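Colleague:
Chains as they are written, first to last, in my numbering: chain A, 5 to 170; chain B, 79 to 226.
#1: Rounding to the nearest angstrom, what Cα-Cα distance links residue 94 of chain A and residue 61 of chain A in this structure?
#2: Taking only beta-carbon atoms, is residue 135 of chain A less than 9 Å away from chain B?
#3: Output yes or no for whether 9 Å exceeds the beta carbon distance between residue 132 of chain B and residue 224 of chain B.
#4: Candidates A:138, A:106, A:127 and A:131: which alpha carbon is nearest residue 206 of chain B's?
#5: Which of the three DSSP states is assigned to residue 125 of chain B in this structure?
#6: How should residue 99 of chain B be labelled, buried or exposed, when 16 other C-beta atoms within 10 angstroms of its C-beta is the threshold for buried?
#7: Name the one or two DSSP bridge partners that residue 189 of chain B has.
#8: Along chain B, which residues have their Cβ under 7 Å away from the Cβ of residue 149 of chain A?
#9: Residue 165 of chain A and residue 147 of chain A: beta carbons closer than 9 Å?
#10: Tell me the DSSP bridge mates of residue 117 of chain B?
#11: Helix, strand or coil: which one does DSSP assign to residue 170 of chain B?
#12: Just to confirm my understanding: we take residue 181 of chain B, look at its own chain, exclude 5 residues before and 5 after, and list those with CB closer than 7 Å. What are they?
#13: Buried or exposed: which applies to residue 82 of chain A, given that a residue is buried once 16 or more other Cβ atoms fall within 10 Å of its Cβ?
#14: Kindly indicate the opening and closing residues of the alpha helix (DSSP H) around residue 22 of chain A.
#15: Enumerated in chain order, which unbroken segments of the alpha helix (DSSP H) with a length of 4 residues or greater are wholly contained in the stretch 38 to 112 of chain A?
#16: What is the rounded straight-line gap between the Cα of residue 215 of chain B and the Cα of residue 93 of chain B?
#17: Which of helix, strand or coil does DSSP assign to residue 152 of chain B?
#18: Between the stretch 27 to 48 of chain A and chain B, which residues of the former have a C-beta closer than 9 Å to a C-beta of the latter?
#19: Pull out every residue of the stretch 158 to 191 of chain B whose Cβ sits closer than 7 Å to any Cβ of chain A, in chain order.
#20: For residue 192 of chain B, count the other beta carbons within 10 Å of its own beta carbon; 16 or more makes it buried, fewer makes it exposed. Which is it?
#21: Between which two residues does the beta strand (DSSP E) carrying residue 158 of chain A extend?
#22: Would you identify the three-state DSSP class for residue 127 of chain A, choosing helix, strand or coil?
#23: Output, in sequence order along the chain, the residues in the stretch 82 to 110 of chain B whose CB is closer than 7 Å to any CB in chain A.
#24: With a Cβ-Cβ cutoff of 9 Å, do residue 217 of chain B and residue 125 of chain B count as a contact?
#25: Report yes or no: is there a C-beta of chain B within less than 9 Å of the C-beta of residue 140 of chain A?
#26: At which residues does the alpha helix (DSSP H) containing residue 90 of chain B begin and terminate?
#27: Taking only beta-carbon positions, decide if residue 145 of chain A is within less than 9 Å of chain B.
#28: Counting Cβ pairs, one atom from each stretch, are 3 or more of them under 8 Å apart for the stretch 58 to 75 of chain A and the stretch 6 to 25 of chain A?
#29: State the start and end residues of the unbroken beta strand (DSSP E) segment that holds residue 142 of chain A.
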C-alpha cells in the first residue's frame, strides 16, 4: 500500500509539474491562440464607445501587426481593401468604428501551423462577425501570417480566403 | 461484439462519409430554417458530378470543424446566367425555382461559368442582394451534398 501511495503521489507531482510548466512557459501555438482571442476582443466594440476610447482601441488593434503589416481583404459584398502599415490600419479601425454602431468578432476553428526555424507561423480560422448593420452573422475564412519579434507574435499579413466569387 | 461493430461503422461513417452541419442564418430559408441540423455526404461527388438543384456544403473539410456555406447549385459549368428583377435565367431560359418563395429584385449581369465552376445561391431570395452570399464556386470547394 505504501509503495502504491508513493507511486500515486509521484505521478500527481509529475502531472502538477507538467501543468505548471505549461502555464508558466506556454508553447508558441498556445501563445498564438491567446493572441487571436485578444485580437478578436480588440476588434469588437459596444454601442456608444467614447471618442477617446475609440481611438485608443483602434491603436491597440493596429499594434497586433508588425510595423509593415498588411491587410488584403475582400469580404463578400464589399470592395477589396488593401492596407499597409500601422497608421493605415489604425485609420481603418477608426473608420469601421465610426461606420458601425457595434461589432462583435469571434475567431472559430483556429488551425495554427508553425515554422519554428524561421520564427513564422500561419493561422487559418473562421471570423464570425455580428454587426449592427447585418441582419445575420457574417462568417469569413481568414488567413494570418505571423512573425515572432522579441518573443511576441505579430501579424505580418491578414487576408481573406475566398470560396465564392461574385 | 455487435456494439463494437456498430461503434466502428459509426466512426467510419462520421469520419469519412457523412458529417453533421448546423444551419446558421436565414439564407436557405424556407427550405432549411436557422438552427436545423443536416447531414452531408462527402463521398457522393467522387463518383458523380454535382447536379442542378443539389444543396451542397461549400468550404474546406479541415483538421477542425469549419464554417461552411450551404447553398443550392443553380447553374453548371459552361452555362451563362443572369438575374433580372430576381428571376434567374440560365442559357437564355428562365429557370423554374419552386423552392423560392419570396423574391427581391436582384440584378446580376450575364456571366459565363468556367469549366470547373458552379453557380450557387441560397433559397431565400427575399433578402437584400447585398446581404446574401452567393456566387461562383470551383468544384474543389464543394465538400458534399446535403442528404437530409
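We put the beta carbon where it would ideally sit given N, CA and C, even for glycine. In this text, all values refer to a predicted model and were calculated from it rather than measured experimentally.
Modeller: On the basis of the supplied data:
#1: As a position in the first chain, residue 94 of chain A is number 90, starting the count at 1. As a position in the first chain, residue 61 of chain A is number 57, starting the count at 1. Whole-angstrom Cα-Cα distance: 9 Å.
#2: For the purposes of this step, residue 135 of chain A is taken as the residue at position 131 of the first chain. No - not a single Cβ of chain B is within 9 Å of the one on residue 135 of chain A.
#3: In the second chain, counting from the first residue as 1, residue 132 of chain B sits at position 54. In the second chain, counting from the first residue as 1, residue 224 of chain B sits at position 146. Yes; because the gap between Cβ atoms is below 9 Å, this pair is in contact.
#4: Within the second chain, the letter at position 128 stands for residue 206 of chain B. Looking only at A:138, A:106, A:127 and A:131, the smallest Cα-Cα distance to residue 206 of chain B is reached by A:138.
#5: Residue mapping note: residue 125 of chain B aligns to position 47 of the second chain, counting from 1. In the three-state DSSP reduction, residue 125 of chain B falls in the helix class (H, G or I).
#6: Counted from its first residue, the second chain places residue 99 of chain B at position 21. Label assigned to residue 99 of chain B: buried.
#7: Here residue 189 of chain B corresponds to residue number 111 of the second chain, with the count starting at 1. For residue 189 of chain B, which the question treats as bridged, DSSP gives the partners B:159.
#8: The residue labelled residue 149 of chain A in the question sits at position 145 within the first chain. Ordered by position in chain B, no residue passes the 7 Å Cβ test against residue 149 of chain A, which lies about 17 Å from the chain.
#9: Numbered from its first residue, the first chain carries residue 165 of chain A at position 161. Numbered from its first residue, the first chain carries residue 147 of chain A at position 143. By the CB criterion at 9 Å, residue 165 of chain A and residue 147 of chain A fall inside the cutoff.
#10: For this step, residue 117 of chain B is matched to residue 39 along the second chain. Paired residues: B:98.
#11: Within the second chain, residue 170 of chain B is the residue found at index 92, counting from 1. It is coil, neither helix nor strand.
#12: Translated into positions along the second chain, residue 181 of chain B becomes position 103. Take residue 181 of chain B, set aside five residues on each side of it, and the residues of its chain with a beta-carbon closer than 7 Å to its own are 164, 203 and 204, in chain order.
#13: In the first chain, residue 82 of chain A corresponds to position 78, counting from 1. Classification of residue 82 of chain A: exposed, given that the 10 Å Cβ count is below 16.
#14: Start at 1 with the first residue of the first chain, and residue 22 of chain A comes out as number 18. Unbroken alpha helix (DSSP H) run through residue 22 of chain A: 6 to 28.
#15: Fully contained in the stretch 38 to 112 of chain A are the following alpha helix (DSSP H) runs of length 4 or more, in chain order: 55 to 66 and 89 to 103.
#16: Reading the second chain from its first residue, position 137 is the one you call residue 215 of chain B. Reading the second chain from its first residue, position 15 is the one you call residue 93 of chain B. Using only the alpha carbons, I get a separation of about 24 Å.
#17: Position 74 of the second chain, counting from 1, holds the residue named residue 152 of chain B. For residue 152 of chain B, the three-state secondary structure derived from DSSP is strand.
#18: Result list empty, no residue passes.
#19: Under the 7 Å Cβ criterion, the stretch 158 to 191 of chain B contributes no residue.
#20: Here residue 192 of chain B is taken as the residue at index 114 of the second chain, counted from 1. Residue environment analysis places residue 192 of chain B among the exposed positions, since fewer than 16 neighbouring C-beta atoms fall within 10 angstroms of its C-beta.
#21: By one-based count along the first chain, residue 158 of chain A stands at place 154. Per DSSP, residue 158 of chain A belongs to the beta strand (DSSP E) from 156 to 164.
#22: Here the question's residue 127 of chain A lines up with position 123 in the first chain. In this structure, residue 127 of chain A counts as strand in the three-state DSSP scheme.
#23: Cβ contacts with chain A: 102, 103 and 104.
#24: In the second chain, the residue the question calls residue 217 of chain B occupies position 139. In the second chain, the residue the question calls residue 125 of chain B occupies position 47. Cβ distance not < 9 Å, so residue 217 of chain B and residue 125 of chain B don't count as in contact.
#25: If you number the first chain from 1, residue 140 of chain A lands on position 136. Under the Cβ distance rule, residue 140 of chain A counts among the residues neighbouring chain B, one pair being separated by less than 9 Å.
#26: Position 12 of the second chain holds residue 90 of chain B. Here the alpha helix (DSSP H) through residue 90 of chain B covers 80 to 90.
#27: For the purposes of this step, residue 145 of chain A is taken as the residue at position 141 of the first chain. Output row for residue 145 of chain A: interface = yes.
#28: In short, these stretches do not touch, since the Cβ pair count stays below three.
#29: If you number the first chain from 1, residue 142 of chain A lands on position 138. Element bounds for residue 142 of chain A: 142 to 153.
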